[in-house]
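**Student:** Can you keep this structure in mind? I'll have questions shortly.
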Amino acid sequence: MTAELALDIQNLSSGYQDQVVLEGVSWQVPRGTLAAVIGPNGGGKSTLLKTAVGLLQPFSYQALALFGQTPREGRRRVAYLPQREEVDWAFPISVLEVVLQGRLVRLGWRGRLRREDYAASREALRFFGLDNLEEVQIGSLSGGQRQRVFLARALVQEADLILLDEPAAGLDAKAQHELADLLVSLRDAGKTIIAATHDLDCLTECFDQVLALNRRVFAVGDPAQVLTEETMVKLFARHFPKVGSAGEVIVHES
Amino acid sequence: MSLNLLFEPFQYGFMVRAFVGVGLVAVVAAAIGTFVVLKGLAFMGDAIAHTAFTGIAIGLLLGVSIHLGALVFALLTALGVVFLTRVSNVRNDTALAILFTGVFALGIVLLASSPGFVGDLNSLLLGSVLAIQAEEIALIAVFALVLLGVLGVFFSHFVLISFDPVGAEAAGFPVAVFQSLLLALIAVAIVISIQAVGVVLVVALLITPAATAGLLTRRLKPQIFLSSLVGLASSLIGLYISYFFGAPPGATVVLVATMFFAVVLIVQKLRRAGGRAC
């Protein structure tokens, strides 16, 4: 039948305290998919990701599963890359130490870091071209490099599903393209990737599936189906014109 | 002559005990304090110290161990705040301030209205390290060892939940457990430090040396080491000053720690300014 689903959501409502952010959202993401959630700020992209991994308790749902398990069980296979603003970049921690945290998460709280964990972490840094930066404090890296450190952490965590909240924020066009290439290569290696983004430009084109979300689902499917003028104007309603990360102004008109 | 002066305080048993006691708690508080500074928990530390005071007051009035009373109240505060922040999902400074000042006021009223205990009020608020007994030092040493042991064993865990709690929890790591454990360690450090510097100043032992060390290094382990060193130096120098000038030792210790911070800050600013000029 169909391939195993990495994420299965049916008729989900979620939000914060008494504020409903998502209503009646359904979305199925098969394993090995590179998927994007797009929509305006405040449209519930983060809420969707956080509910999916159990950081937020949903109000109601008909199905909510990670790899066929409850979020609590399935999230051991999940790596979550927080929004840029959610990370304390001044924290006194080196690049290698950040990646090692992926090993610790993998091992669980009873685990102790061993020589092979250091080896795996250094290997991941090499894969992402960061091997000469392992002793550097995380905050002194560029936005693109920080992103790659967190991807390296997801890799050593051996996560099957990688969630990224606004990964393109603060990246220039070149770094965005590099990120997109990395996500494609991770997808080709069998990972499922879901990125929430309000940057439409270069990221979304190489995705397999796009979910257009603003409190409810506006459209879902491959980029050609979803990224139509008509859907975009409806989805972003009053959010035009929009200034891109490289300073360019994008105007969508109906 | 100057050498005699240097060793003069050590003629007295109470001064030797004071040096050992305050040095011990300063090192431990400064080490765990590094996490307090990194996570912006200074206010929380203050709250724990104030509710611990009421625990001590109740311990005194009931004739049970004051350390037990302090520990129970400090832990209840720490764990209560973890619970509240997780339930309401916001850090509610106002609610915490109302709660801890209320509890603190209750402690003052209880102590002040109990004849025979009024004298303890002052020493609790400002510290009474000169009256510290050998058994108390032994007790502090045991707590200090346990605290440093737990910190050492779960060091990577504490770094993980401090740096990226969201990512860790999303991947199923028991973040709440280790947040609670970290706060419990902070609570213990506060409880054992109260006698040295008093309720009002105890938070300085946690944050001032750690913040000073944070100016000097951007690596965590060196920061903890430097923080402990600054804490130790502040407590020893502060005690000397207290001895020769007759000032309350808790206050002189904190004053020296503050001086360290100010000097490092100023020297750094001057260097940066000088660097720009060149």
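Sequence order for the protein chains is A and B. Under this note's numbering, think of the first position of the first sequence as 396, with each following residue one higher. Under this note's numbering, think of the first position of the second sequence as 142, with each following residue one higher. Every residue gets a Cβ at the ideal spot worked out from N, C-alpha and C, and that includes glycine.
Quick check on I433(A) - is its C-beta less than 7 angstroms from some C-beta in chain B?
**Tutor:** So, not an interface residue.
**Student:** Under a three-way DSSP split, which group does R610(A) fall into?
**Tutor:** If DSSP states are grouped into helix, strand and coil, R610(A) belongs with coil.
**Student:** Name the one or two DSSP bridge partners that I433(A) has.
**Tutor:** Beta-bridge pairing links I433(A) to T592(A) and A607(A).
**Student:** Identify whether Y381(B) lies in helix, strand or coil by the three-state DSSP scheme.
**Tutor:** The answer is helix: DSSP assigns Y381(B) an H, G or I state.
**Student:** Quick one: residues in its chain with C-beta nearer than 7 angstroms to the C-beta of E648(A), no 5 flanking neighbours on either side, listed in chain order?
**Tutor:** Confidence in E648(A) is poor, its pLDDT being 46 and thus under 50, which makes the residue's placement too unreliable to answer from.
**Student:** Tell me whether G410(A) sits in a helix, a strand or coil according to DSSP, three-state version.
**Tutor:** Of the three classes helix, strand and coil, the one that applies to G410(A) here is strand, per DSSP.
**Student:** Could you check what DSSP says for D652(A) in three-state terms: helix, strand or coil?
**Tutor:** Lying outside 396 to 649, the shown extent of chain A, residue 652(A) is not represented and no answer is given.
**Student:** Would you kindly work out how many angstroms separate the C-alpha atoms of I407(B) and L347(B), rounded to a whole number?
**Tutor:** Distance between the alpha carbons of I407(B) and L347(B) is about 21 angstroms.
**Student:** Note down, in chain order, each residue of its chain lying with its Cβ closer than 6 angstroms to the Cβ of G174(B), except the 5 sequence neighbours on either side.
**Tutor:** So the qualifying residues of the chain are L347, I348 and A351.
**Student:** Going by DSSP in three states, P390(B) sits in which element: helix, strand or coil?
**Tutor:** Here P390(B) sits in helix by DSSP.
**Student:** Of all Cβ atoms in chain A, is any one closer than 7 angstroms to the Cβ of S297(B)?
**Tutor:** Closer than 7 angstroms to some Cβ of chain A, the Cβ of S297(B) qualifies, so yes.
**Student:** Fully enclosed by the segment 473-538 of chain A, which alpha helix (DSSP H) runs are 4 residues long or longer?
**Tutor:** The segment 473-538 of chain A contains these whole alpha helix (DSSP H) runs: 490-502 and 510-522.
**Student:** Which same chain residues end up closer than 7 angstroms to G210(B) when comparing Cβ atoms and leaving out the 5 residues on each side of it in sequence?
**Tutor:** Correct list, in chain order: G196, I197, I199 and G200.
**Student:** Going along the segment 409-437 of chain A in order, which residues come within less than 9 angstroms of chain B, judged by CB to CB distance?
**Tutor:** Answer set for the segment 409-437 of chain A: Y411 and Q412.
**Student:** Could you give the first and the last residue of the continuous beta strand (DSSP E) run that contains I281(B)?
**Tutor:** Not the beta strand (DSSP E): I281(B) falls in the alpha helix (DSSP H), residues A275 to V294.
**Student:** Are the CB atoms of V405(B) and L356(B) within a distance shorter than 7 angstroms?
**Tutor:** Result yes, Cβ atoms of L356(B) and V405(B) sit closer than 7 angstroms.
**Student:** Quick one: what does DSSP say G135(B) is sitting in, helix, strand or coil?
**Tutor:** Residue 135(B) lies beyond the range of chain B shown here (142 to 419); nothing can be said about it.
**Student:** Do A167(B) and L271(B) count as a contact pair if the criterion is CB distance below 7 angstroms?
**Tutor:** Result no, Cβ atoms of L271(B) and A167(B) do not sit closer than 7 angstroms.
**Student:** Suppose the cutoff is 8 angstroms on Cβ atoms and the five residues either side in sequence are ignored; what does the same chain contact list for R501(A) look like?
**Tutor:** Once the five neighbours on either side are set aside, the close Cβ partners of R501(A) are V551, Q552 and E553.
**Student:** Rounded to a whole number of angstroms, what is the C-alpha to C-alpha distance between E600(A) and A575(A)?
**Tutor:** C-alpha separation (whole angstroms): 9 angstroms.
**Student:** Within the same chain, show all residues whose beta-carbon is closer than 6 angstroms to that of A403(B), passing over the 5 residues directly before and after it, in chain order.
**Tutor:** So the list is empty, once near-sequence residues are dropped.
**Student:** List the whole-angstrom C-beta distance separating A591(A) from K440(A), where the pair is believed to meet the contact cut-off of C-beta under 8 angstroms.
**Tutor:** Confirmed, about 4 angstroms.
**Student:** Just checking: is the beta-carbon of G308(B) within a distance shorter than 7 angstroms of some beta-carbon in chain A?
**Tutor:** At least one chain A Cβ lies under 7 angstroms of G308(B).
**Student:** Alpha carbon to alpha carbon, how far is I239(B) from V283(B)? Give it in angstroms, no decimals.
**Tutor:** Looking at the two C-alpha atoms, the distance is approximately 33 angstroms.
**Student:** Output yes or no for whether 7 angstroms exceeds the beta carbon distance between V493(A) and I533(A).
**Tutor:** It is a contact, given that the beta carbons lie within the stated cut-off.
**Student:** Buried or exposed: I404(A), going by 16 or more other Cβ atoms within 10 Å of its Cβ?
**Tutor:** The residue is buried, with at least 16 neighbouring Cβ atoms inside 10 Å.
**Student:** Find out if the Cβ-Cβ distance for the pair A172(B), I302(B) is shorter than 7 angstroms.
**Tutor:** Not closer than 7 angstroms, so no.
**Student:** So, do the segment 568-586 of chain A and the segment 536-549 of chain A have three or more beta carbon pairs nearer to each other than 8 angstroms?
**Tutor:** With the cut-off at 8 angstroms, the segment 568-586 of chain A and the segment 536-549 of chain A touch.
**Student:** Checking the sheet assignment: what are the DSSP bridge partners for V344(A)?
**Tutor:** Within the shown structure, residues of chain A are numbered from 396 to 649, placing residue 344(A) beyond reach of any answer.
**Student:** Among G268(B), L251(B) and L179(B), whose alpha-carbon lies nearest the alpha-carbon of V340(B)?
**Tutor:** Checked all of G268(B), L251(B) and L179(B); the closest Cα to V340(B) is G268(B).
**Student:** Report the neighbours of R470(A) on chain B: residues whose CB is nearer than 7 angstroms to its CB, in chain order.
**Tutor:** Within chain B, the residues near R470(A) are A311, A312 and G313.
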